[in-house]
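Undergrad: So in the working numbering, spot 269 of the sequence shown is number 269, and the numbers just go up one at a time.
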Amino acid sequence: MHKLLPQQPREVLNSPIISGALIREVLFTSGGVSLIILSIFLVVRLVSFLQLAASGDIPVNAVMLLLALKLVTNLDAILPMMIYVAMLMVLARWNRDNEMVVLSACGFGPWQLLRPMSVLALISVLLIGLFSTYLSPLSIRVSAQILREYRSRSEISGIIPGVFTETRNGQGVYYVESFDKKRDRYLNVFIYDASPDRDGVVVARFAHKEFDPISGDSFLVLENGTRYEGNPGDVRYRVISFERYAYRLPHQQTYRAVVPIKGMPTWQVLQSDKPRLVLEWHWRISKPFSMLVLVLFALTFSFVDGRKSRMPSLFLAIGMYFVYANAIGFVTASIKSGAHLPAYLLWLIHALFLLLAIVMFHRRSRNRPLLPDLGQLFSRPRPVL
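Okay, structure coming up:
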């Protein structure tokens with residue numbers, strides 16, 4: 001019995017149960033944090049896409065597709081924050097429930113927690129790297145292609161039932177009360193068309209689209225309606241009733257799909273020696289690297305004295321993340337704006353924060369303050385009487 005007691009801490013140190021529990025809880029919490037953050041992101045972006053659909057720039061049936069592509073585009077920047085917050089929440093809960101105290105008494109301290117956290121960091125690096133180098137640029141290219149195709153279509157493709165839609169040239173207005181999906185036609189259509197010699201208003205009960213392959217023109221065929229022609233202020237108006245009226249839709253400008261640098265394939269960026277493309281390459285591979293720094297920060301700020309409040313440490317952890325992210329973003333934006341700064345300056349920022357994280361983690365593992373007391377360093381020793 002007495003021979004087994006000294007072996008218990010060693011069994012705890014090597015036990016996969018604690019490591020598995022930590023990994024499982026962080027992944028589960030990451031799902032909850034992701035649900036909250038992504039919901040906020042989707043609501044904000046959905047409003048902007050609905051505004052584009054209301055203005056006729058994109059059809060309403062493309063909103064959800066573009067929203068999904070926008071989400072994929074930004075996941076490489078959102079994932080580090082979500083995983084970092086999940087780590088802080090799990091470790092803070094363990095500390096609140098005194099589980100950290102029990103583990104520390106068994107010899108399971110910050111250095112032992114670094115092993116399962118390294119596994120999480122490796123999973124995060126691979127996932128973020130996949131989005132940063134492949135999925136995010138791909139979604140940007142697909143979005144640009146979809147917008148080009150939609151904006152090159154006819155005016156009527158951007159109409160939302162129940163909303164007055166102005167044409168892109170500003171010389172007309174469309175209105176459709178509803179759309180019959182079974183018969184593929186519009187109901188209660190109103191069209192206003194302004195021309196130099198007269199203005200025209202067309203009201204029809206039904207309408208559908210037709211395409212002439214010979215001329216390449218698109219027509220909005222109106223049925224059972226009336227056309228009014230005249231000039232404002234002039235009592236002489238011409239009223240024409242019709243059973244079928246073909247309204248030729250104006251030809252649209254052919255848009256070219258302009259793909260930004262951040263949407264270029266990674267292999268193409270890697271082969272270029274242009275400064276902006278070199279910076280883009282460093283920017284893409286530096287995103288996964290940030291998880292190595294954030295793991296150390298999460299372990300550092302999660303260990304708090306049980307007699308003290310955890311809120312200051314939590315606020316400091318979140319503040320450190322924003323300082324880290326803003327420093328990288330500031331350097332990247334400065335280089336892209338034309339500042340004569342080398343691309344390796346981005347890695348210098350990562351190295352400085354990594355060094356800071358290592359120093360703070362080392363001091364925390366030895367139960368020391370995160371930063372040394374400068375007052376004690378410069379204070380004079382009192383003479384011994």
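Note that CB positions come from ideal geometry on N, CA and C, so glycine has one too.
For the candidate residues 60, 75, 20, 62, whose alpha-carbon lies nearest to that of residue 39?
TA: As a first step, residue 39 must be located in the sequence shown, where it is residue number 39. Minimum Cα-Cα distance from residue 39 among the listed residues 60, 75, 20, 62 corresponds to 75.
Undergrad: Is there contact here, the stretch 348 to 364 with the stretch 283 to 300, by at least three beta-carbon pairs under 8 Å?
TA: The answer is yes - the stretch 283 to 300 touches the stretch 348 to 364, with three or more Cβ pairs under 8 Å.
Undergrad: Below 8 Å on the Cβ atoms is my guess for residue 194 versus residue 172; work out the distance and round it to an integer in Å.
TA: Counting from one through the sequence shown, the residue named residue 194 turns up at place 194. Counting from one through the sequence shown, the residue named residue 172 turns up at place 172. Approximately 6 Å separates the beta-carbon atoms of residue 194 and residue 172; this is inside 8 Å, confirming the contact.
Undergrad: Roughly how many angstroms lie between the CA atoms of residue 128 and residue 285, to the nearest whole one?
TA: As a working mapping, residue 128 is identified with position 128 in the sequence shown. As a working mapping, residue 285 is identified with position 285 in the sequence shown. Taking the straight line from one Cα to the other gives about 9 Å.
Undergrad: Taking the CB atoms as reference points, tell me whether residue 202 and residue 225 lie closer together than 8 Å.
TA: Residue numbering aside, residue 202 sits at position 202 when the sequence shown is read from its first letter. Residue numbering aside, residue 225 sits at position 225 when the sequence shown is read from its first letter. In this structure, residue 225 lies closer than 8 Å to residue 202 by Cβ.
Undergrad: What does a CB cutoff of less than 6 Å around residue 282 pick up in its chain, not counting 5 residues either side in sequence?
TA: For the purposes of this step, residue 282 is taken as residue 282 along the sequence shown, with counting starting at 1. The answer, listed in chain order, is 343, 346.
Undergrad: Between the beta-carbon of residue 387 and the beta-carbon of residue 140, is there less than 8 Å?
TA: Past the edges of the chain, shown from 1 to 385, lies residue 387, and the structure says nothing about it.
Undergrad: Is it buried or exposed, residue 68, if we count other Cβ atoms within 10 angstroms and call 16 or more buried?
TA: On the sequence shown, position 68 is the one that residue 68 refers to. It counts as exposed.
Undergrad: Using the rule of at least 16 other Cβ atoms within 10 Å of the residue's Cβ for burial, across every protein chain shown, is residue 182 buried or exposed?
TA: Counting from 1 along the sequence shown, the entry for residue 182 is found at position 182. The residue is exposed, with fewer than 16 neighbouring Cβ atoms inside 10 Å.
Undergrad: Is the beta carbon of residue 295 within less than 7 Å of some heavy atom of the ligand HEM?
TA: Inclusion of the ligand HEM in the displayed structure is not the case, the ligand content being empty and no account of it being possible.
Undergrad: Output the boundary residues of the beta strand (DSSP E) element that contains residue 188.
TA: Indexing the sequence shown from 1 puts residue 188 at position 188. Taken as a continuous stretch (DSSP letters only), the beta strand (DSSP E) holding residue 188 covers 185 to 194.
Undergrad: Could you name the residues of the same chain whose beta carbon sits closer than 8 Å to that of residue 287, not counting the 5 residues immediately before and after it, in chain order?
TA: Walking along the sequence shown from the start, residue 287 turns up at place 287. Counting only Cβ-Cβ distances below 8 Å, and skipping sequence neighbours, we find 76, 77, 80, 128, 129, 132.
Undergrad: Start and end of the beta strand (DSSP E) containing residue 220?
TA: Position 220 of the sequence shown, counting from 1, holds the residue named residue 220. Per DSSP, the continuous beta strand (DSSP E) segment holding residue 220 begins and ends at 218 to 230.
Undergrad: Just the C-alpha distance for residue 62 and residue 51, rounded to the nearest angstrom, thanks.
TA: Taking the sequence shown and counting its residues from 1, one reaches residue 62 at position 62. Taking the sequence shown and counting its residues from 1, one reaches residue 51 at position 51. Near 13 Å, if we compare the C-alpha coordinates of residue 51 and residue 62.
Undergrad: Please go through the same chain and pick out, in chain order, the residues whose beta-carbon is closer than 7 Å to the beta-carbon of residue 26, but skip the five residues on each side of it.
TA: As a position in the sequence shown, residue 26 is number 26, starting the count at 1. Around residue 26: 86, 87, 90, 120.
Undergrad: Kindly indicate which three-state DSSP category residue 162 falls into: helix, strand or coil?
TA: Locating residue 162 in the sequence shown gives position 162, counting from the first residue. Coil, per DSSP.
Undergrad: What's the C-alpha gap between residue 291 and residue 314?
TA: As a first step, residue 291 is located in the sequence shown; it is residue number 291 there, counting from the start. As a first step, residue 314 is located in the sequence shown; it is residue number 314 there, counting from the start. Take the alpha-carbon of residue 291 and the one of residue 314: they are about 18 Å apart.
Undergrad: Restricting to Cα atoms, I'd like to know which of 275, 213, 192, 278 is closest to residue 247.
TA: For the purposes of this step, residue 247 is identified with residue 247 of the sequence shown, where counting begins at 1. Here the closest residue by C-alpha is 192.
Undergrad: Does the distance from the CB of residue 17 to the CB of residue 116 come in under 8 Å?
TA: For the purposes of this step, residue 17 is identified with residue 17 of the sequence shown, where counting begins at 1. For the purposes of this step, residue 116 is identified with residue 116 of the sequence shown, where counting begins at 1. Against a cut-off of 8 Å, the Cβ pair of residue 116 and residue 17 comes out as no contact.
Undergrad: What does the alpha-carbon distance come out to for the pair residue 348 and residue 333?
TA: Position 348 of the sequence shown, counting from 1, holds the residue named residue 348. Position 333 of the sequence shown, counting from 1, holds the residue named residue 333. Distance between the alpha carbons of residue 348 and residue 333 is about 15 Å.
Undergrad: Under three-state DSSP, which class holds residue 272?
TA: For the purposes of this step, residue 272 is taken as the residue at position 272 of the sequence shown. Coil.
Undergrad: Would residue 205 pass as a contact of residue 223 if the rule is Cβ separation under 8 Å?
TA: The residue you call residue 205 lines up with position 205 of the sequence shown. The residue you call residue 223 lines up with position 223 of the sequence shown. The answer is yes: Cβ separation under 8 Å.
Undergrad: Quick check: the Cα distance between residue 135 and residue 317, rounded to an integer number of angstroms?
TA: For the purposes of this step, residue 135 is identified with residue 135 of the sequence shown, where counting begins at 1. For the purposes of this step, residue 317 is identified with residue 317 of the sequence shown, where counting begins at 1. C-alpha separation (whole angstroms): 29 Å.
Undergrad: Go ahead and label residue 118 buried or exposed: buried means 16 or more other beta carbons lie within 10 angstroms of its beta carbon, across all protein chains shown.
TA: As a position in the sequence shown, residue 118 is number 118, starting the count at 1. Exposed, because fewer than 16 other Cβ atoms sit within 10 Å of the Cβ of residue 118.
Undergrad: Quick one: Cα of residue 210 to Cα of residue 179, how far?
TA: Counted from its first residue, the sequence shown places residue 210 at position 210. Counted from its first residue, the sequence shown places residue 179 at position 179. Roughly 16 Å separates the two Cα atoms.
Undergrad: Rounded to whole angstroms, what's the CA-CA distance from residue 163 to residue 60? Just pull it up for me.
TA: Along the sequence shown, read from residue 1 onward, the residue named residue 163 stands at position 163. Along the sequence shown, read from residue 1 onward, the residue named residue 60 stands at position 60. Taking the straight line from one Cα to the other gives about 12 Å.
Undergrad: Report yes or no: is there a C-beta of chain D within less than 8 Å of the C-beta of residue 18?
TA: Going by chain labels, chain D is absent from the structure shown, which holds only one protein chain.
Undergrad: Please name the residue or residues paired with residue 210 in a DSSP beta bridge.
TA: Start at 1 with the first residue of the sequence shown, and residue 210 comes out as number 210. Residue 210 pairs with 219.
Undergrad: Where does residue 28 land, buried or exposed, given buried means 16+ other C-beta within 10 angstroms?
TA: Along the sequence shown, read from residue 1 onward, the residue named residue 28 stands at position 28. Exposed: under 16 other Cβ atoms inside 10 Å.
Undergrad: If distances are taken between C-alpha atoms only, which option among 148, 96, 53, 34 comes closest to residue 161?
TA: Working through the sequence shown from its first residue, we reach residue 161 at position 161. For the residues 148, 96, 53, 34, the minimum Cα distance to residue 161 belongs to 53.
Undergrad: Looking only at C-alpha atoms, which of 64, 184, 47, 238 sits nearest to residue 207?
TA: Taking the sequence shown and counting its residues from 1, one reaches residue 207 at position 207. That would be 184, whose Cα lies nearest to the Cα of residue 207.
Undergrad: Sorted by chain position, which residues of the same chain lie with C-beta nearer than 7 Å to residue 110's C-beta, five sequence neighbours on each side aside?
TA: One-based indexing of the sequence shown puts residue 110 at position 110. The beta carbon of residue 110 lies closer than 7 Å to those of 299, 303, 361, 364, 365 in the same chain, with the five residues before and after it left out.
Undergrad: Can you give me the Cβ contacts of residue 124 inside the same chain, cut-off strictly under 6 Å, excluding the 5 residues immediately before and after it?
TA: As a position in the sequence shown, residue 124 is number 124, starting the count at 1. Result list for residue 124: 83, 291, in chain order.
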